[in-house]
Amino acid sequence: MDSKSEPVNSPPVTRFAPSPSGHLHVGGARTALFCWAFAKGRGGKFVIRIEDTDQKRSSDAASVGFLKDLEWLGIRWDEGPTYNAPDGSVVGGGEYGPYFQSERLEIYNHHIARLQASGDAYEAWDSPEELEALRKASLARKEAFRYRYRGEPSDADRARFAAEGRLPVIRFRSKLASVTIPDEVLGHTVLPEGEVDDFVIRKKDGFPTYHFAVVVDDELMRVSHVFRAQEHFTNTAKHVLLQDALGFRRPVYGHLSIIKNPDDSKMSKRDKDKVLRKAVREQALTAPPLGTVTDEEWATWLASDAVQLSLEGAIRLAEALRVQLPEINVDDFRRSGYLPEVICNFLALNGWSPGHDIEKFDNDFLKARFGLDRVMKTPAKFDRVKLLAFNTDAMNAMSHEEFVTRCRAHAAIFRPEFLARLTQAQFALLMGATKERSKTLDEPFKSNAFLLESDESLPFTDDKSVRKALGIGAALESGARTGLDHLRAMRSTLAECEWTHAALEHLANAYANEHAGGKIGAVAQPLRVAVSGTTVSPPIWDTLLLVGKSGTLRRLDRCIDWAEGLR
RNA sequence: GGCCCCAUCGUCUAGCCCGGUCUAGGACACCUCCCUUUCACGGAGGUAACGAGGGUUCAAAUCCCUCUGGGGUCACCA
Numbered sequence: 004m005d006s007k008s009e010p011v012n013s014p015p016v017t018r019f020a021p022s023p024s025g026h027l028h029v030g031g032a033r034t035a036l037f038c039w040a041f042a043k044g045r046g047g048k049f050v051i052r053i054e055d056t057d058q059k060r061s062s063d064a065a066s067v068g069f070l071k072d073l074e075w076l077g078i079r080w081d082e083g084p085t086y087n088a089p090d091g092s093v094v095g096g097g098e099y100g101p102y103f104q105s106e107r108l109e110i111y112n113h114h115i116a117r118l119q120a121s122g123d124a125y126e127a128w129d130s131p132e133e134l135e136a137l138r139k140a141s142l143a144r145k146e147a148f149r150y151r152y153r154g155e156p157s158d159a160d161r162a163r164f165a166a167e168g169r170l171p172v173i174r175f176r177s178k179l180a181s182v183t184i185p186d187e188v189l190g191h192t193v194l195p196e197g198e199v200d201d202f203v204i205r206k207k208d209g210f211p212t213y214h215f216a217v218v219v220d221d222e223l224m225r226v227s228h229v230f231r232a233q234e235h236f237t238n239t240a241k242h243v244l245l246q247d248a249l250g251f252r253r254p255v256y257g258h259l260s261i262i263k264n265p266d267d268s269k270m271s272k273r274d275k276d277k278v279l280r281k282a283v284r285e286q287a288l289t290a291p292p293l294g295t296v297t298d299e300e301w302a303t304w305l306a307s308d309a310v311q312l313s314l315e316g317a318i319r320l321a322e323a324l325r326v327q328l329p330e331i332n333v334d335d336f337r338r339s340g341y342l343p344e345v346i347c348n349f350l351a352l353n354g355w356s357p358g359h360d361i362e363k364f365d366n367d368f369l370k371a372r373f374g375l376d377r378v379m380k381t382p383a384k385f386d387r388v389k390l391l392a393f394n395t396d397a398m399n400a401m402s403h404e405e406f407v408t409r410c411r412a413h414a415a416i417f418r419p420e421f422l423a424r425l426t427q428a429q430f431a432l433l434m435g436a437t438k439e440r441s442k443t444l445d446e447p448f449k450s451n452a453f454l455l456e457s458d459e460s461l462p463f464t465d466d467k468s469v470r471k472a473l474g475i476g477a478a479l480e481s482g483a484r485t486g487l488d489h490l491r492a493m494r495s496t497l498a499e500c501e502w503t504h505a506a507l508e509h510l511a512n513a514y515a516n517e518h519a520g521g522k523i524g525a526v527a528q529p530l531r532v533a534v535s536g537t538t539v540s541p542p543i544w545d546t547l548l549l550v551g552k553s554g555t556l557r558r559l560d561r562c563i564d565w566a567e568g569l570r
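Positions 4 to 570 (our numbering) are the ones given, in order, by the first sequence.
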């Protein structure tokens with residue numbers, strides 16, 4: 004590039020600069036991942052900066068909740084807000100801070116003063132109403148609104164503004180010339196003269212706008228490469244102009260396409276609300292299910308599409324309505340039992356590929372191979388089904404020990420009730436019984452909720468598959484036994500059986516050979532219904548072991564009673 | 001609407017820069033069959049794309065133009 008550029012051999016510095024948020028969106032996660040991989044793969048630094056120049060947005064401790072998501076993904080930053088990682092290490096810090104823009108006001112003011120002194124910036128006193136009028140006038144002429152210098156206010160005006168308590172903003176005097184937007188992903192493009200107007204660089208509250216803060220901080224934090232969402236593409240022209248006026252270096256830019264839903268809509272937290280609203284409508288609910296959200300919350304939420312339920316409330320409601328909330332944030336995927344390394348792998352594949360038909364790789368590989376030259380220009384649709392397939396593969400590739408360790412860690416956070424209910428031995432048994440059929444870390448728990456039910460209250464599902472297993476309403480040849488008959492017949496032998504895998508299997512085989520034409524399934528399915536309430540469970544002998552002898556017998560009795568009442 | 005960007009199977013993508021090796025490759029999904037005590041796993045096959053129209057060329061997914069479609073941006077939000 005030009006003489007102001009960093010020497011090519013100095014290690015790159017990238018940055019992820021989100022506005023305050025408690026959660027990390029998958030799109031943001033991908034941006035962070037690419038920034039991280041680029042810098043770390045080249046011996047450089049990865050910086051995190053919080054863009055909190057909008058005072059309307061909160062900046063409390065919860066506002067950097069997304070840091071834990073980054074850390075969980077294995078993305079660590081060399082500089083930025085400090086964070087105490089679960090492993091005891093401290094992430095962040097650095098000598099180019101503060102890393103919260105709201106703490107850098109003096110710095111911005113210094114550079115704004117420089118711009119004013121050189122005539123590149125000026126005060127503007129327009130009221131929102133006046134600006135609105137200008138906008139409307141432009142619209143009437145079918146032109147895009149571009150603010151231009153409107154002259155100094157008269158003494159009378161100044162007196163009036165003072166009396167009104169009106170405060171000025173500071174605007175940048177944009178050069179009237181075409182601007183080249185540098186971009187290593189989309190290619191450099193030229194914006195025609197006049198496209199960039201005299202944009203605001205300091206708001207009336209004294210805070211800089213995004214455009215100004217970003218340019219100052221990237222320079223001061225010696226950022227060499229800026230990778231960010233494509234929505235910033237056109238904004239880059241403003242940043243370039245600012246850099247020139249301030250005498251700053253110019254980073255290399257790369258704009259990343261957005262990630263969309265499969266239905267082409269933009270992925271957003273709203274999607275969760277949409278699913279819930281739909282379920283509420285379909286199930287014709289008029290009041291919140293017990294223990295989900297308060298009547299008040301419910302009412303205000305339903306009153307307006309603009310209102311969103313709290314995350315906790317949404318989760319409880321989704322459970323009550325038996326609907327699956329779409330995962331949007333990194334934490335959602337974590338809760339659903341996805342592995343961080345799989346998320347990173349999959350995210351990287353949305354918008355980048357290493358070529359040679361390579362799909363499965365880890366962050367070290369990404370670090371070594373990532374480059375802007377293979378970044379996609381087109382927006383990608385986020386395919387949760389393929390993500391699940393990737394996660395399944397990774398789960399299958401795990402050793403039994405790793406599977407147990409990771410499931411236990413997952414349960415400790417998201418499924419504590421299982422740890423409380425199951426003994427060490429039972430937990431191990433459950434792990435062994437579920438590993439090969441688990442697609443996520445959550446699946447051993449999610450699909451075995453029947454284990455948490457008491458023997459006295461386990462509900463039996465009345466559906467087609469259950470009726471078929473028990474032989475309810477089936478027309479049989481004389482002498483043939485239904486599933487329910489098998490249950491009755493096996494009850495007493497089961498009561499005397501040693502409660503081990505081998506003994507149970509032996510007993511069932513012997514019984515099946517004698518009474519079910521050797522078809523073990525004819526016996527296994529009714530048993531499954533009896534102990535789990537449905538026709539789906541882990542392998543039947545494991546399931547019986549898990550439920551225990553007395554539990555099995557009790558459930559069996561209750562199931563027989565229940566089934567006799569069906570007919 | 002002005003300005004800018006983009007365009008390969010349903011989806012993520014390889015190939016495109018350096019035209020022939022592309023009767024367009026992989027993965028997920030889907031369909032068929034096999035395995036099977038449920039669910040899932042696994043195994044074997046299969047369907048499926050260069051948005052349209054013009055050029056350039058002996059030859060175009062690959063280069064050029066137009067159209068169409070999609071996206072971004074036009075805030076005292078970031």
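For each residue, glycine too, the CB sits at the ideal point set by N, CA and C.
Owing to the predicted nature of the structure, the values given are computational and were not obtained by experimental measurement.
Problem set entry | Reduced DSSP category for P10 - H, G, I as helix; E, B as strand; rest coil | Only weak support is given to the placement of P10: the predicted model assigns it a pLDDT of 47, under 50, and the value that follows is read from those uncertain coordinates. Three-state result, P10: coil.
Exercise. If M270 and G31 are in contact, beta carbons under 8 Å, what's the gap, nearest whole angstrom?
Worked result: Incorrect: roughly 11 Å between the Cβ atoms, too far for contact.
For this session: For my contact list, D274 and I331 are in at a C-beta cut-off of 8 Å; report their separation, rounded to the angstrom.
Result: About 6 Å; that satisfies the 8 Å criterion.
Exercise. Which one of E508, P462 and Q119 has the shortest CA to CA distance from A248?
Worked result: A248 has its Cα closest to that of Q119, out of E508, P462 and Q119.
Problem set entry | Per DSSP, cross-strand counterpart(s) of L259 | In DSSP, L259 forms a bridge with A232.
Problem set entry | Counterpart residues of F148 in DSSP-defined beta bridges | Paired residue(s): none; F148 is not in a bridge.
Problem set entry | Completely contained alpha helix (DSSP H) runs for the segment 456-500, where each covers 4 or more residues | DSSP runs (the alpha helix (DSSP H)) wholly in the segment 456-500: 467-473 and 486-499.
Problem set entry | S177, buried or exposed, once every other Cβ within 10 Å from all chains shown has been counted against 16 | By the 10 Å Cβ count, S177 comes out buried.
For this session: Answer yes or no: do L324 and A282 have a C-beta to C-beta separation smaller than 7 Å?
Result: Contact: yes.
For this session: Tell me whether T183 sits in a helix, a strand or coil according to DSSP, three-state version.
Result: Strand, per DSSP.
Exercise. In angstroms, rounded to a whole number, what distance separates the CA positions of E106 and I204?
Worked result: Rounded to the nearest whole angstrom, the C-alpha separation of E106 and I204 is 17 Å.
Exercise. Under the three-state reduction of DSSP, which class applies to A124: helix, strand or coil?
Worked result: In this structure, DSSP gives A124 an extended state, which the three-state scheme calls strand.
Exercise. Where does V67 fall in DSSP's three states?
Worked result: Three-state result, V67: helix.
Exercise. By Cβ distance, which residues of its chain are closer than 7 Å to S6, with the 5 residues on each side in sequence left out?
Worked result: Summary for S6: the model assigns pLDDT 37, below 50, so the residue's position carries little reliability; its value from the coordinates is reported in the next sentence. So the list is empty, once near-sequence residues are dropped.
Exercise. Looking at C-alpha atoms only, which residue of M434, A20 and W502 is the closest neighbour of H214?
Worked result: Ranking the options by Cα distance to H214, first place goes to A20.
Problem set entry | Limits of the unbroken beta strand (DSSP E) element including R280 | Under the DSSP assignment, R280 falls outside any beta strand (DSSP E), being part of the alpha helix (DSSP H) whose first and last residues are R273 to E285.
Exercise. Does DSSP put Y102 in a helix, in a strand, or in coil?
Worked result: Coil.
Exercise. Between the C-alpha atoms of L352 and F364, what's the straight-line distance to the nearest angstrom?
Worked result: Spanning the two alpha carbons is a distance of roughly 10 Å.
For this session: Indicate the three-state DSSP secondary structure (helix, strand or coil) for Y86 in the structure shown.
Result: The DSSP-derived three-state label of Y86 is strand.
Problem set entry | Residues of its chain near G250, where Cβ-Cβ distance is below 7 Å and the 5 sequence neighbours each way are ignored | Excluding its 5 nearest sequence neighbours in each direction, G250 has no C-beta neighbour in its own chain below 7 Å.
For this session: In angstroms with no decimal places, state the Cα-to-Cα distance between R159 and A232.
Result: A small correction: the amino acid at residue 159 is Ala; Arg does not occupy that position in the sequence shown. Their backbone Cα atoms lie some 45 Å apart in a straight line.
For this session: Below 7 Å CB to CB, which residues in the same chain sit around P462 once its five sequence neighbours on both sides are set aside?
Result: Excluding positions up to five away in sequence, the list reads G536.
For this session: Please confirm whether Y111 and V217 have their CB atoms less than 7 Å apart.
Result: No.
For this session: With a threshold of 16 other CB atoms inside 10 Å of the CB of K207, please say whether the residue is buried or exposed.
Result: Exposed: under 16 other Cβ atoms inside 10 Å.
Exercise. If R531 sits next to T546, beta carbons under 8 Å apart, how far is it from one beta carbon to the other, in whole angstroms?
Worked result: About 7 Å; that satisfies the 8 Å criterion.
For this session: Take the Cβ of Y256 as the centre, count every other Cβ of all protein chains shown within 10 Å, and call the residue buried at 16 or more, exposed below.
Result: Flag for Y256 reads buried.
For this session: Quick one: give me the first and last residue of the beta strand (DSSP E) that L194 is part of.
Result: Unbroken beta strand (DSSP E) run through L194: T192 to L194.
Exercise. Mind checking whether T34 and Q104 have CB atoms under 7 Å apart?
Worked result: Not a contact, by the Cβ cut-off of 7 Å.
For this session: Could you say if the segment 192-204 and the segment 87-96 meet the contact criterion of at least three C-beta pairs nearer than 8 Å?
Result: Counting Cβ pairs under 8 Å, fewer than three are found: no touch.
Exercise. Any idea what DSSP makes of H28, helix, strand or coil?
Worked result: In the three-state scheme derived from DSSP, where H, G and I count as helix and E and B as strand, H28 is classed as strand.
For this session: Would you identify the three-state DSSP class for K363, choosing helix, strand or coil?
Result: In this structure, K363 counts as coil in the three-state DSSP scheme.
Problem set entry | 8 Å contact criterion, which P529 and L487 should meet: CB distance rounded | Cβ-Cβ separation between P529 and L487: approximately 7 Å, consistent with a contact (criterion under 8 Å).
For this session: Could you give the DSSP three-state label for M4: helix, strand or coil?
Result: With a pLDDT of 37 at M4, under the threshold of 50, the predicted position of this residue should be treated as unreliable, though the coordinate-derived value follows. In the structure shown, M4 sits in coil (DSSP, three-state: anything other than H, G, I, E or B).
Exercise. Hey, L342 and A397: beta-carbon distance below 7 Å or not?
Worked result: With contacts defined as CB atoms closer than 7 Å, L342 and A397 qualify as a contacting pair.
Problem set entry | Which listed residue (R60, L36, Q58 and K59) has its alpha carbon closest to that of V50 | Nearest of R60, L36, Q58 and K59 to V50, Cα basis: L36.
Exercise. Looking only at DSSP bridge pairs, what is P211 linked to?
Worked result: R205, per the DSSP bridge assignment.
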